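In the numbering used here, the protein residues as written are 826 to 987. Positions of the beta carbon are idealized from the N, C-alpha and C atoms, including for glycine. Quick caveat: nothing in here was measured; it's all calculated off a predicted structure.
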């Protein structure tokens, strides 16, 4: 019997971090404080996403994925990573408030390949949330940390809305 070893979707070692340029398109009536849209109406921000240990929520040990923007942790996603993808069970916002997802939010669904898509339709605390994600491209990239196979994912949120 042959056994295939599958590499983890992403590294999960404490202290691991990823730097990338986040692009956000904000709908009418919404804004992000201290962020200025460019001529195309998009907000472009350098981001560091870092694993900052674990946190136990409702008896479940979750990885703390911290999003750093301009040197500040703007939110912390509390996630699990497994053979089915990356799932966010709760989020700690800038004010330190813990907001639980029901069901857990699918951040990345497997199989991850160009043309794949998934939806999140659930609750974030008291808010009903509807999101759709499409894998619009994939490519091999070379960065100072090495060579990687990367995916471009477009997400759209239709609720809550203003």
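| Proximity below 8 angstroms, CB of residue 991 to CB of residue 902 | Since the first residue of the chain shown is 826 and the last is 987, residue 991 is not available in this structure.
| For residue 835, which three-state DSSP category applies? | In the structure shown, residue 835 sits in coil (DSSP, three-state: anything other than H, G, I, E or B).
| request: Buried or exposed for residue 912, please, with buried defined as at least 16 other CB atoms from any protein chain shown within 10 angstroms of its CB. | output: When all chains shown are included, residue 912 counts as buried.
| query | For the beta strand (DSSP E) that residue 941 lies in, which residues bound it at each end? | reply | Segment: none, residue 941 is in no beta strand (DSSP E) and carries neither H nor E.
| query | Between residue 899 and residue 887, is the Cβ-Cβ spacing less than 8 angstroms? | reply | Taking 8 angstroms as the cut-off, the beta carbon of residue 899 is found no closer than this to the beta carbon of residue 887.
| task | Work out the CA separation of residue 944 and residue 950 for me, nearest whole Å. | result | Residue 950 and residue 944: Cα-Cα distance of roughly 18 angstroms.
| Any idea if residue 960 is buried or exposed, counting beta-carbon neighbours within 10 angstroms, 16 or more meaning buried? | Label assigned to residue 960: buried.
| field | Start-end ranges of the beta strand (DSSP E) lying completely within the segment 863-939, minimum 3 residues | value | Counting whole runs of 3 or more residues, the segment 863-939 contains the beta strand (DSSP E) stretches 867-882, 885-894, 897-907, 910-917 and 923-934.
| query | So, residue 953 versus residue 985, is the Cβ gap smaller than 8 angstroms? | reply | The criterion of a C-beta distance shorter than 8 angstroms is satisfied by residue 953 and residue 985.
| message | Pop quiz: residue 817 and residue 955 are said to be a contact at Cβ under 8 angstroms. What is the actual Cβ separation, rounded to whole angstroms? | response | Since the first and last residues shown for the chain are 826 and 987, residue 817 lies out of range.
| field | Rounded separation between residue 835 and residue 892 - CA only | value | Looking at the backbone, the Cα of residue 835 and that of residue 892 are separated by about 16 angstroms.
| Apart from the five residues on each side of it in sequence, which residues of its chain come closer than 6 angstroms, Cβ to Cβ, to residue 916? | Once the five neighbours on either side are set aside, the close Cβ partners of residue 916 are 900, 902 and 924.
| message | Whole angstroms are fine: how far does the CA of residue 882 sit from the CA of residue 926? | response | Residue 882 has its alpha-carbon roughly 12 angstroms from the corresponding atom of residue 926.
| query | How many whole angstroms separate the CB atoms of residue 909 and residue 935, which I take to be in contact at a CB cut-off of 8 angstroms? | reply | With a Cβ gap of about 6 angstroms, residue 909 and residue 935 count as contacting.
| Simplified DSSP assignment, three categories, for residue 851 | DSSP places residue 851 in coil when its eight states are reduced to three.
| said: Less than 6 angstroms between C-beta atoms, sequence neighbours within five positions excluded: which residues of the same chain meet that for residue 972? | reply: There are no such residues.
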